[in-house]
Amino acid sequence: MSNPDELQPPMPNVAQKAPYLVNVVAGKTYWWCSCGLSKKQPFCDGSHKTTAYEPLAYKATETTTVELCGCKQTGTKPFCDGSHESL
Ligand code: FES
17 MSNPDELQPP MPNVAQKAPY LVNVVAGKTY WWCSCGLSKK QPFCDGSHKT TAYEPLAYKA
77 TETTTVELCG CKQTGTKPFC DGSHESL
């Protein structure tokens with residue numbers, strides 16, 4: 017029997033050490049990749065299924081450009097908080 021702790025790395029994968037600038041539309045929901053394994057960054061493509069991570073739903077409140085976290089270490093998910101600068 018496998019240990020569930022072995023399925024989740026201690027830290028999510030660093031997709032890139034910079035945020036992703038994304039144009040979002042008010043009222044639309046986006047699924048931010050929290051595991052860092054998606055090939056469609058910064059959004060979930062289902063790759064987390066091999067981990068214990070789950071995507072985070074983010075509903076845009078306005079049509080604008082946002083900085084979504086690329087390093088997956090942010091404390092303000094799904095937005096960049098500058099954590100990539102210390103990696
Ligand atoms: S692929 Fe990373 S959370 Fe789904």
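If you count the sequence shown from 1, position 71 lands on 87 in this note's numbering, and the numbers rise without skipping.
We treat Cβ as the ideally placed atom computed from N, Cα and C, and that holds for glycine.
As the structure is a computational prediction, the values presented were derived from the model and not from experiment.
Asked                                                        : Found
Beta strand (DSSP E) segment containing A73, residue limits  : L72 to K75
Bridge partner(s) assigned by DSSP for E83                   : L37
Distance cut-off 7 Å: L53 Cβ against heavy atoms of ligand 1 : yes
Nearest-angstrom Cα separation, counted from T77 out to V41  : 8 Å
Span separating the alpha-carbon of Y46 from that of G62     : 14 Å
Any non-hydrogen atom of ligand 1 closer than 7 Å to P71 Cβ  : yes
Straight-line Cα distance separating T66 from S99            : 25 Å
Check whether V30 and C85 have beta carbons under 8 Å apart  : no
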